[in-house]
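Chains as they are written, first to last, in the numbering used here: chain A, 52 to 122; chain E, 8 to 152.
1. For residue 100 of chain A, which three-state DSSP category applies?
2. Tell me where the alpha helix (DSSP H) around residue 69 of chain E begins and ends.
3. Mind checking if residue 56 of chain E is an interface residue toward chain A, Cβ cutoff 7 angstroms exclusive?
4. So if I threshold CB-CB distances at 7 angstroms, which residues from the segment 12-27 of chain E count as touching chain A?
5. Using a Cβ-Cβ cut-off of less than 7 angstroms, give me the residues of the segment 55-78 of chain E that come near chain A, in sequence order.
6. Which one of E/71, E/84 and E/101 has the shortest CA to CA distance from residue 29 of chain E?
7. Which value, in whole angstroms, describes the spacing of the CA atoms of residue 3 of chain E and residue 74 of chain E?
8. Could you name the residues of the segment 64-89 of chain A whose beta carbon sits closer than 9 angstroms to any beta carbon of chain E, in the order they occur along the chain?
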């Protein structure tokens with residue numbers, strides 16, 4: 052699975068650490084780390100929660116276009 | 008916003024726990040099958056029921072160590088607290104309880120049995136399991152700092 056760099060950059064833009072984001076959503080830091088590294092495929096419910104915390108849409112963070120897939 | 012219950016594992020933790028649980032169950036199944044096969048060939052590595060107990064304890068210990076190592080033992084919110092004292096106290100209490108039970112059973116069963124040293128083996132296996140669980144949880148806690 053590809054790394055989710057969009058999530059990482061959105062989190063960095065909000066000046067949040069993985070721990071801060073994890074606590075805001077109610078999951079473990081390891082879960083956020085796994086999502087960013089592409090090791091875990093989150094449910095739509097968790098995706099929405101992440102988007103709400105980061106003030107982004109699902110497309111902004113989780114949509115993969117052709118360029119992303121080729122990485 | 009989704010906010011999970013404080014006492015609930017998050018979805019990745021649940022997925023990991025399910026996967027490890029299935030693998031541990033299959034391991035237990037094959038070990039029991041192997042034990043039956045050995046018994047059929049006349050090989051008795053431990054007297055019944057100690058052999059079954061050892062297999063169950065080994066599988067349970069593997070399951071516990073793996074879910075602790077994969078951070079799927081405790082829900083997210085409890086990671087803030089540091090229940091190291093409570094953890095040590097629990098282990099000490101478990102060991103004392105095991106010794107007390109072993110001594111009590113030794114007193115009431117003064118008649119000779121053909122179980123050999125099964126009780127001692129079971130006690131040692133459970134003790135080792137507890138110590139491993141303690142060590143893994145301490146290492147994990149240090150890693151998360």
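C-beta: ideal position from N, C-alpha, C; glycine also.
Note that the structure is predicted; figures quoted are calculated from it, not measured.
Looking at the atomic coordinates:
1. DSSP places residue 100 of chain A in helix when its eight states are reduced to three.
2. Residue 69 of chain E -> alpha helix (DSSP H) spans 57-76.
3. Answer no: the Cβ-Cβ gap between residue 56 of chain E and chain A never drops below 7 angstroms.
4. Residues passing the 7 angstroms Cβ filter: 17, 18, 19 and 20.
5. Result list: 78.
6. Ranking E/71, E/84 and E/101 by Cα distance to residue 29 of chain E puts E/71 first.
7. Lying before the first or after the last residue shown, residue 3 of chain E is absent from chain E, which here runs from 8 to 152.
8. Here the close residues are 73, 74, 75, 76, 77, 78, 79, 80, 81, 82, 85 and 86.
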